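Beneath this line is the structure, given in structure tokens, with notes to follow.
Protein chains: 2
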Amino acid sequence: MSENELNTEQLILKAARKVFTHKGLDGARMQDIANEAGINKALLHYYFRSKDKLFESIFKDVIKTFFPQVVSVLVADIPLFDKIHRFTESYIDILAKNPEIPGFVFHELSKNPDRLIGNIRETGADIGIIGEQLQKEVEAGNIRPINPAHFIANLISMCVFPFIARPLLMGIMKMDAQGFDSFIEERKQIVPEAIIRSIKV
Amino acid sequence: MSENELNTEQLILKAARKVFTHKGLDGARMQDIANEAGINKALLHYYFRSKDKLFESIFKDVIKTFFPQVVSVLVADIPLFDKIHRFTESYIDILAKNPEIPGFVFHELSKNPDRLIGNIRETGADIGIIGEQLQKEVEAGNIRPINPAHFIANLISMCVFPFIARPLLMGIMKMDAQGFDSFIEERKQIVPEAIIRSIKV
DNA sequence: TGTATCTTTGACCACTTGGTTAAATCTTTT
DNA sequence: AAAAGATTTAACCAAGTGGTCAAAGATACA
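For the record, the sequence lines run as chains Z and S. Residue numbers are given in the numbering used here: position 200 of the first sequence equals residue 200, and the series is strictly consecutive. If you want the numbering used here, it's the position in the second sequence, counting the first as 1, plus 201.
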């Protein structure tokens, strides 16, 4: 038996992640997950006691694997303009590989904001560092003064939003799936340029 | 009896809109809607034959009242920089009054992209006009060349995203509800500034 | 006033849902 | 090999779901 075979628990988690992220907590059926995993429905309850418990595992896992990847670049000790380029590139790459994640997370979060407390907070995403870095660049006369919250909101908005609004964008821009991929690829240039131009003195 | 009393059909639509936009199609229960409207569940089926039919009415109505408001400013015959300021201001105002709409629309759209064809397309949102306007400004030497798709994506992203990501932003920015409102108000200045700086020669 | 039509309701139904259970099978331990 | 434990299954259950229906209340109309 090869090493990359999944045990039953991993198999369930993989199937559950796929079904939950595509259909949401309310839209997902335990039977869907069992089918996706190719197992009996009762086995889901053997490993994870309830639908809610299973969902909680998936949600925690998504947050814990997703968030640190994003934050690590933001808090790295590299020059600001480099950071903006690198962040955009790596973030868009991650999103392109997991295009359904943002919609999933924001939808579930808006239905139940309390999930934040137990999950995202403990990933230790600290926005303070980027604020200090911006402040230094302002004092050095390299950029105009800007509220760090808006800076980060602008940056993340332009990276994430196209993935959430994909069907709408494809509709009004008259793009097909391949056109959308090119569009996303272009944004690795467009977004950092726009951000840097907006803050440069 | 005063004129502003709602008839039963309007009462149902109002209740259904509230429940559907907050809980989504899958999360909404017909009983919830009946309770919200203060009527019997069977009456819902008397006016709208099924849950799907009722949902379709709501979704169509949301698109048809929301979209034109947004597009009208974009296609208006006013100078570009004015247009950017006015669009941001009016769009953010509309969103602040209906903060749950974008999440609702994008979630349902990503579960069922086909809804676009019958709904949004017929609102006649034509992106061509803004493309021409940008082209003229480029030729006049006022702005740098930019792909209209990215211009619009940037503009809309920065306006809409904070509403979709509200719980997350409040979490990482350590804002309370009032702080978030101020943050949104500030963006009426921040966003057009950022956009204009990013395209100015 | 009586009757035909529209509106509203409580009771009900078929089906789906998450969840349980007892038995069967496979693994590990002795 | 046999006992003990872990894993997997088919069959089942109670609660909840969208939806129906016959009858009761309103309303309009003759």
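Each residue gets a CB set at the ideal place from its N, CA and C atoms; glycine is no exception. Bear in mind the structure is a predicted one, so any value in this text is a computation, not a measurement.
S/K401 carries a strand assignment under DSSP once its states are collapsed to helix, strand and coil. Residues of chain Z with a Cβ closer than 7 Å to the Cβ of S/L335 do not exist, since the nearest Cβ in that chain sits about 14 Å away.
Residue pairing by DSSP places Z/I190 opposite no residue, since no beta bridge is assigned to it. Within the segment 18 to 105 of chain Z, the complete alpha helix (DSSP H) segments at least 4 residues long are 30 to 37, 41 to 47, 51 to 74, 80 to 97, listed from N- to C-terminus. For Z/L6, no alpha helix (DSSP H) encloses it, and the DSSP letter there is neither H nor E. Remark: three or more beta-carbon pairs, one from each stretch, lie closer than 8 Å, so the segment 152 to 172 of chain Z and the segment 306 to 313 of chain S are flagged as touching. Taken through DSSP and simplified to helix, strand or coil, Z/I127 comes out as coil.
With a cut-off of 8 Å on Cβ pairs, the segment 36 to 43 of chain Z is not in contact with the segment 76 to 84 of chain Z, counting fewer than three such pairs.
Annotation: the continuous alpha helix (DSSP H) that includes Z/M158 extends over 148 to 164. Bridge partners of Z/I143 according to DSSP: Z/K200. Taking 7 Å as the cut-off, the Cβ atoms of S/T289 and S/P363 do not count as close. The beta carbons of Z/N119 and Z/K60 sit about 6 Å from each other, so the pair counts as a contact at 8 Å. Interface annotation, Z/G141: not in contact with chain S, CB-CB separation never under 7 Å. For the pair Z/I143 and Z/E137, the CB atoms are nearer than the 7 Å cut-off. Under the 7 Å criterion on CB atoms, S/D294 is classed as non-interfacial with respect to chain Z. S/P368 carries a helical assignment under DSSP once its states are collapsed to helix, strand and coil. S/L255 does not reach chain Z, its nearest Cβ partner there being about 17 Å away, counting only Cβ pairs nearer than 8 Å.
Listed along chain S is no residue with a C-beta nearer than 9 Å to that of Z/V201; the closest approach is about 11 Å. In this structure, S/P303 sits away from S/V263, with a CB-CB distance that is not shorter than 7 Å.
Residue S/T209 holds the alpha-carbon nearest to the alpha-carbon of S/A243 among S/I295, S/K215, S/T209.
Residues of chain S with a Cβ closer than 7 Å to the Cβ of Z/P113 are, in chain order, P368.
Nearest Cα to S/G342 within the set S/I373, S/G380, S/K401: S/K401. In the three-state scheme derived from DSSP, where H, G and I count as helix and E and B as strand, S/N313 is classed as coil. Taking a C-beta distance under 7 Å as the contact criterion, S/M231 and S/L245 qualify as a contact pair.
Cβ contact annotation for S/A229 (same chain, cutoff 7 Å, sequence separation greater than five): V220, F221, in chain order. Annotation: Z/K97 to S/E257 spans about 32 Å, alpha carbon to alpha carbon.
Residue burial is scored here from C-beta neighbours: S/S399 has at least 16 other C-beta atoms within 10 angstroms and is therefore classed as buried. Z/I195 places its beta carbon less than 7 Å from that of Z/I84. Residue environment: S/A378 is assigned as exposed (fewer than 16 neighbouring CB atoms within 10 Å of its CB, all protein chains considered).
S/Y292 is positioned such that its CB atom lies closer than 7 Å to that of S/V271. Just measuring C-alpha positions, the residue of S/A216, S/A217, S/H223, S/K215 sitting nearest S/I365 is S/H223. By the neighbour-count criterion, in which a residue is buried when 16 or more other Cβ atoms sit within 10 angstroms of its Cβ, S/G225 is buried. For Z/F81, same chain residues with a beta-carbon under 7 Å away, outside a window of 5 residues either side, are I196 in chain order. Taken atom to atom, the span from the alpha-carbon of Z/R187 to that of Z/V73 is near 18 Å. One Cα belongs to Z/L134, the other to S/K375, and the distance between them is close to 18 Å.
Shown here, Z/K136 sits in a helix according to DSSP, grouped into three states.
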